[in-house]
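What follows is one structure encoded as structure tokens, with my remarks underneath.
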Amino acid sequence: MMDDLSKNIGITAIRTASHRINFSLLKPIERKISYDQFANTQQEVEYDTAFILMNEDGKYLDLSGCVQMDTSMSKNIVSTQIQGYNSTVKEWISNSDYVINLTVSVVADNESDGYPDNKVKEIINFISDNRALLVLNQYLNETLKVTRLVVNSYKHVPELYKNNQTITIDCTSDESYVLEKEIIA
Numbered sequence: 425m426m427d428d429l430s431k432n433i434g435i436t437a438i439r440t441a442s443h444r445i446n447f448s449l450l451k452p453i454e455r456k457i458s459y460d461q462f463a464n465t466q467q468e469v470e471y472d473t474a475f476i477l478m479n480e481d482g483k484y485l486d487l488s489g490c491v492q493m494d495t496s497m498s499k500n501i502v503s504t505q506i507q508g509y510n511s512t513v514k515e516w517i518s519n520s521d522y523v524i525n526l527t528v529s530v531v532a533d534n535e536s537d538g539y540p541d542n543k544v545k546e547i548i549n550f551i552s553d554n555r556a557l558l559v560l561n562q563y564l565n566e567t568l569k570v571t572r573l574v575v576n577s578y579k580h581v582p583e584l585y586k587n588n589q590t591i592t593i594d595c596t597s598d599e600s601y602v603l604e605k606e607i608i609a
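For what it's worth, the working numbering labels the leading residue of the sequence shown as 425, then goes sequentially.
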């Protein structure tokens with residue numbers, strides 16, 4: 425059991441206690457597929473290293489192998505002062521959303537290609553959509569139970585005269601809710 429676990433961690437990623445996952449660099453691609461095809465994408469790409477984002481129109485962006493991820497979550501806690509005591513009474517209210525910070529490394533296919541302008545434009549256009557994105561990633565889906573992300577902000581500082589670009593994307597986990605209205609007759 426331990427040998428299988430260490431092989432998986434050694435082959436697929438380096439995981440630390442702060443939920444940081446480092447992957448090797450691969451080429452990002454964008455295609456249009458159906459949700460069923462998206463769900464079955466794990467058979468095409470090694471599921472444990474896949475990182476795929478999909479919008480509501482069925483377009484997806486495969487960032488497998490070129491993303492580094494940090495995750496964190498805080499708790500909503502109310503602290504109440506009690507007169508005459510040197511501490512507070514803490515009451516847990518709920519957990520917050522996960523904050524997921526992605527660092528995407530975009531590299532030109534060849535060093536002679538120069539700056540990967542087209543790839544950077546594709547990623548920025550994709551994440552600029554103002555809707556939640558489905559995410560396919562084993563760590564997020566199975567460990568943290570996160571299936572949807574909302575992009576809060578992104579940052580990239582152009583690196584001129586180089587063949588690579590780093591894009592930092594700040595996301596928040598999202599859950600779909602069904603609100604029901606009770607009608608009293």
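Beta carbons: idealized from backbone N, C-alpha and C, even for Gly.
Rounded separation between residue i and residue j - CA only
| i | j | result |
| --- | --- | --- |
| Ser529 | Tyr509 | 52 angstroms |
| Glu653 | Thr473 | With the chain represented from 425 up to 609, any question about residue 653 goes unanswered, as that position is not in the structure. |
| Asp486 | Val502 | 41 angstroms |
| Leu573 | Gly538 | 31 angstroms |
| Val581 | Asn554 | 22 angstroms |
| Glu599 | Cys490 | 25 angstroms |
| Ser552 | Tyr563 | 24 angstroms |
| Ile517 | Met497 | 14 angstroms |
| Ala556 | Asp533 | 30 angstroms |
| Ser520 | Val513 | 20 angstroms |
| Ile548 | Lys499 | 31 angstroms |
| Asn525 | Gly482 | 23 angstroms |
| Thr596 | Tyr484 | 18 angstroms |
DSSP three-state assignment for residue i, whether helix, strand or coil
| i | result |
| --- | --- |
| Val544 | helix |
| Gln467 | Note that Gln467 has pLDDT 47, beneath the 50 cutoff, so the model's placement of it is unreliable and no number is given. |
| Ile517 | strand |
| Ser536 | helix |
| Ile524 | strand |
| Thr504 | strand |
| Leu564 | helix |
| Asn549 | helix |
| Thr571 | coil |
| Ser448 | Residue placement at Ser448 is flagged as unreliable, the pLDDT there being 33, under the threshold of 50; a coordinate-derived value is accordingly withheld. |
Proximity below 8 angstroms, CB of residue i to CB of residue j
| i | j | result |
| --- | --- | --- |
| Thr631 | Gln492 | It is not possible to answer for residue 631, since the shown part of the chain is limited to 425 through 609. |
| Asn588 | Val531 | yes |
| Tyr578 | Thr590 | no |
| Val570 | Val559 | yes |
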